[in-house]
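*Asks:* These protein sequences, in sequence, are chains P and F.
Counting from -15, one number per residue, gives the positions in the first sequence under our numbering.
Counting from 456, one number per residue, gives the positions in the second sequence under our numbering.
This structure is in structure tokens; I'll ask about it shortly.
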Amino acid sequence: MAEIKLTKVVKRYGALGVVHGIDLSIAHNEFVVLVGPSGCGKSTTLRMIAGLEDISDGEIRIGNRVVNGLPPRDRNVSMVFQNYALYPHMNVRENLGFGLGIAKVPAPEIERRVNQAAEILGLQPYMDRLPANLSGGQRQRVAMGRAIVRDPDVFLFDEPLSNLDAKLRGQMRVEIKKLHQRVKTTVVYVTHDQVEAMTLADRIVIMRDGHIEQVGTPAEVFERPVNVFVAGFIGSPPMNLIDAVVTTEGLRPAARLADGVVVPLPAGVSVSEGQRITLGLRPDDITPQGHGMPGTGETLRLEREVALAEPLGTETILFTRLGDKEIQAKMLNPRVVTPGETLPFVVDLARLHVFDAADGRSLKA
Amino acid sequence: MTLFRSPRAVPYLLLTPALVVIAAVILVPLAVSLWSSFTAYNLTRPATLYSFVGLRNYARLLNNADFWWAFGRTLVFITVTLNLELVLGLGLALLVNQVTMGRKVLRTIMMFPMMFSPILVGFQFKYIFNDAVGLVNNALFDLGLITQPIPWLVDGTLAPLSIMAAEIWMSTSVFAILLLAGLLALPKEPIEAAKVDGCGPIQVFRHITLPFLMPFIFIAMTIRSLDVARAYDMVRIMTNGGPAGRTELLWTLMARVGYQNSQMGMANAMGYVSILTSILFTVYFYRKLVVARRYMGGVE
């Protein structure tokens, strides 16, 4: 059993705070992804769990042990690094077996576990090669193999796919997911790529400036972002964020945009007359008529001129204007759209997100 | 004249000045010295340069106990000083690598001994080890550790050790600087990976740091083995080969035979034996270097 519990964990370099007292519980065998822009403290947090960075304040528990004072080797974790960090003077077999040799595991047992890992990752043809003679994807697999042979309590991944090209990254993402299903272990995975986070995670932890912004399942952080930052970070293409002012002249509160469009707000949003808000509208929820998902409820129709169309095959991303912003809309079952063409757009009002313009938090109940 | 104007002659014409200089500075002296090692050349009788004696000089060398003692002493001298310099230099480099502030200043200070002329280092250590007024004996006296002066440079066992001490003092920093360069180039991630893989500090050093430093160690070894093999100046100043030939190295012996005894033919024969030995050392270390470097391409 290896759950991980972070309590008020702080990391400071001199006077500079990098992580500001974060709390996080990770369940046994859970796949948790720490995601955020560069410099948000996600890698530092991971390295504190690994024991490669001191913990300035607070407490980290792995299983039932406080690991604050323990060196990495006593934590029974294994880590996959961004640059693979293979031992350049050892061949693949030696790289895989190195940790076991250090732990004085008997040779036949090392042999067995190395071969097993090699089989899982398809490394058998390369066992006698040096890292210098492997491709990026193969090195990545060796790095993962080195982590799994030790059968650790916790797997730590530090942006493992960011050095691979896009196609390989997609493949390896699937392999990591399969690997987790096969080798059930607690995983903490750091990335700045929200697609990786969404596809891999049981739970996503979104970090910014050393704070945790939101923790939740991929669906939760996608459907119910707690603030503008999370809303803008999760989802591709990103959510359109449009400044607006609340008006209560009509039957129920609505948002008046800079270009005069009035958008009725969904039920359960607590706002007051004249309040400045940010409307969040995912490209999936503003679609040309007849080219979207069937709406779940109330809709708003808008005639808009398309400035640019980006065909992606199964869908086309349309660029148009709403309020004072250029926004993106999604067109399913696309037809050819010429720039300058005016299309009738449908906005799914139930799926609107409403944020306070001042502090960015969600106003939706 | 058309020969010189042909386009195919141009590269050779352009190379001629360089070839002439190389011939004058290297090839001719090399050829003359090689030739003279097969003659009974004596500096006082120039005509002997043409009295060819075949391999007689080499044959005599093989049976010359003085030569073989000097040869063996030189090998021991190289082995002991190089290894001590390696160990001390590595330790120094590891320590300096831990320093976070003022590393550049330390690095510069470390190089001070290399900036002295070996002759001056010889004089300095001759004074330090002097049995009457030397620093070492005075310090030992004042600490009450000895009652009789120790004859550092006169005792047959202590004299070579004193010379080694001077040599090590002067050149440990060569190792330290080169190995520090290696340590600074050391990638951080394999070390962190090893820590997570279960290594303690000593295991990290043995399995990761040391293999990575091997190319640097062999470069330092190659340079220094050539350097130490031609040790002359410091020995000449400190003991001049004495007492009773106990610190006679190859080059002091050669200088004695060549210039004091004027047997230049014999001295050149010795020179060739010692150069071949040096080449063997260099080839050995260079091979090691190539092997050690082969896998370092994989560091990213």
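Using N, Cα and C, we set each Cβ at its ideal position, and we do this for glycine too.
Compute the beta-carbon to beta-carbon distance between F:ARG417 and F:VAL629, rounded to the nearest angstrom, for a pair I have assumed lies under 8 Å.
*Replies:* A question about residue 417 of chain F goes unanswered here, because the residues of chain F that appear run from 456 up to 755.
*Asks:* In whole angstroms, give me the CA-to-CA distance for F:GLY753 and P:LEU70.
*Replies:* Residue placement at F:GLY753 is flagged as unreliable, the pLDDT there being 38, under the threshold of 50; the coordinate-derived value follows with that caveat. Each residue's Cα considered, the two are about 8 Å apart.
*Asks:* With a CB to CB cut of under 6 Å and the five nearest residues on each side skipped, what residues in its chain are close to F:LEU641?
*Replies:* If we look at F:LEU641 and ignore the five residues flanking it on each side, its Cβ neighbours are PHE667.
*Asks:* Could you check the C-alpha separation between F:MET719 and F:VAL487 for me, to the nearest Å?
*Replies:* If you take the alpha carbons of F:MET719 and F:VAL487, they lie about 11 Å apart.
*Asks:* Are the C-beta of F:GLY663 and some C-beta of chain P separated by less than 8 Å?
*Replies:* At residue 663 of chain F the sequence reads Ile, which differs from the Gly that was named. Chain P contact via Cβ: present.
*Asks:* When we look at the beta-carbon of P:LEU235 and count the other beta-carbons within 10 Å, is it buried (16 or more) or exposed?
*Replies:* The residue in question, P:LEU235, is exposed, as its Cβ has fewer than 16 Cβ neighbours within 10 Å.
*Asks:* Report the neighbours of F:GLY655 on chain P: residues whose CB is nearer than 8 Å to its CB, in chain order.
*Replies:* Those within 8 Å of F:GLY655 in chain P are PRO55, ARG57.
*Asks:* For the beta strand (DSSP E) holding P:HIS4, just list the boundary residues, first then last.
*Replies:* Unbroken beta strand (DSSP E) run through P:HIS4: 0 to 10.
*Asks:* Using a C-beta to C-beta distance shorter than 8 Å, which residues of chain P count as neighbours of F:PRO645?
*Replies:* Per Cβ cutoff of 8 Å: ALA69, LEU70, TYR71, PRO72.
*Asks:* Would P:ASN48 be called buried (16 or more neighbouring beta carbons within 10 Å of its own) or exposed?
*Replies:* Result: exposed.
*Asks:* Interface residues of chain P around F:VAL651 at Cβ under 7 Å?
*Replies:* Correct list: ALA34, PRO56, VAL61, SER62, MET63.
*Asks:* Output the boundary residues of the alpha helix (DSSP H) element that contains P:GLU103.
*Replies:* Note, P:GLU103: alpha helix (DSSP H), 91 to 105.
*Asks:* Looking only at its own chain, which residues have a Cβ that is under 7 Å from the Cβ of F:THR529, when we skip the five neighbours before and after it?
*Replies:* Hits under 7 Å: ALA684, LEU704, LEU705.
*Asks:* For the candidate residues P:VAL64, P:PRO295, P:SER40, P:VAL321, whose alpha-carbon lies nearest to that of P:GLY53?
*Replies:* It is P:SER40 whose Cα lies nearest to the Cα of P:GLY53.
*Asks:* By how many angstroms is the C-alpha of F:VAL745 removed from the C-alpha of F:ALA495?
*Replies:* Rounded to the nearest angstrom, the two C-alpha atoms are 42 Å apart.
*Asks:* Nearest by alpha-carbon distance to P:HIS73: which of F:HIS662, F:GLN715, F:GLY713, F:ILE657 is it?
*Replies:* Taking only the C-alpha atoms, the option nearest P:HIS73 is F:HIS662.
*Asks:* Using the three-state DSSP reduction, which class does F:LEU549 fall into: helix, strand or coil?
*Replies:* Here F:LEU549 sits in helix by DSSP.
*Asks:* Output, in chain order, the set of chain F residues within a Cβ distance shorter than 7 Å of P:ILE86.
*Replies:* In chain order: ASP652, GLY653, CYS654, GLN658.
*Asks:* Skipping 5 residues on each side, what residues in its chain have a beta carbon closer than 7 Å to that of P:VAL98?
*Replies:* Closer than 7 Å at Cβ, skipping near neighbours: ARG77, LEU80, GLY81, VAL133.
*Asks:* Look up P:GLY83 in the DSSP assignment and say whether it is helix, strand or coil.
*Replies:* Looking at P:GLY83 - three-state DSSP - the assignment turns out to be helix.
*Asks:* Since F:PRO666 meets chain P, which of its residues come closer than 9 Å, beta carbon to beta carbon?
*Replies:* Chain P residues near F:PRO666: TYR71, PRO72, HIS73, MET74.
*Asks:* Determine the closest residue to F:LEU681 out of F:SER729, F:ARG701, F:MET725, F:ILE692, with distance taken between C-alpha atoms.
*Replies:* For F:LEU681, the nearest C-alpha among the options comes from F:SER729.
*Asks:* Between F:ALA631 and chain P, is there a C-beta pair that is closer than 8 Å?
*Replies:* Not an interface residue.
*Asks:* Measure the C-alpha to C-alpha separation of P:LYS161 and P:LEU184 and round it to an integer number of angstroms.
*Replies:* Roughly 6 Å separates the two Cα atoms.
*Asks:* When you compare the segment 521 to 528 of chain F with the segment 698 to 717 of chain F, are there three or more beta-carbon pairs, one atom per stretch, that lie closer than 8 Å?
*Replies:* Contact holds: three or more Cβ-Cβ distances are below 8 Å.
*Asks:* Judging by CA-CA distance, which residue of P:GLY120, P:GLN165, P:ASP137 is the nearest neighbour of P:LEU148?
*Replies:* The shortest C-alpha separation from P:LEU148 is found at P:GLY120.
*Asks:* For F:ALA636, decide whether its Cβ has a neighbour in chain P, counting only Cβ atoms nearer than 8 Å.
*Replies:* No - not a single Cβ of chain P is within 8 Å of the one on F:ALA636.
*Asks:* Starting from P:SER62 and walking both ways along the beta strand (DSSP E), at which residues does that stretch end?
*Replies:* Residues 61 to 64.
*Asks:* What is the rounded straight-line gap between the Cα of F:ALA621 and the Cα of P:LEU18?
*Replies:* Between F:ALA621 and P:LEU18, the C-alpha separation is close to 58 Å.
*Asks:* For F:PHE580, list the residues DSSP reports as bridge partners.
*Replies:* Per DSSP, none; premise fails for F:PHE580.
*Asks:* Can you tell me whether P:PRO278 is helix, strand or coil according to DSSP?
*Replies:* Note: P:PRO278 maps to coil in three-state DSSP.
*Asks:* Between the segment 641 to 650 of chain F and the segment 554 to 569 of chain F, can you find at least three pairs of beta-carbon atoms closer than 8 Å?
*Replies:* Contact fails: fewer than three Cβ-Cβ distances are below 8 Å.
*Asks:* What residue from P:LEU118, P:VAL199, P:ALA(-14), P:PHE339 has the CA that sits closest to P:ALA370's CA?
*Replies:* Not covered by the structure: residue 370 of chain P. The range shown for chain P is -15 to 349.
*Asks:* In angstroms, rounded to a whole number, what distance separates the CA positions of F:VAL560 and F:LEU543?
*Replies:* Their Cα atoms are separated by approximately 19 Å.
*Asks:* Let me check understanding here. Comparing Cα to Cα, which of F:VAL591, F:THR612, F:ILE632, F:ALA649 lies closest to F:ALA699?
*Replies:* Minimum Cα distance to F:ALA699 is reached at F:THR612.
*Asks:* Between F:LYS743 and F:LEU590, what straight-line distance do the alpha-carbon atoms span, to the nearest angstrom?
*Replies:* So the alpha carbons of these two residues sit roughly 41 Å apart.
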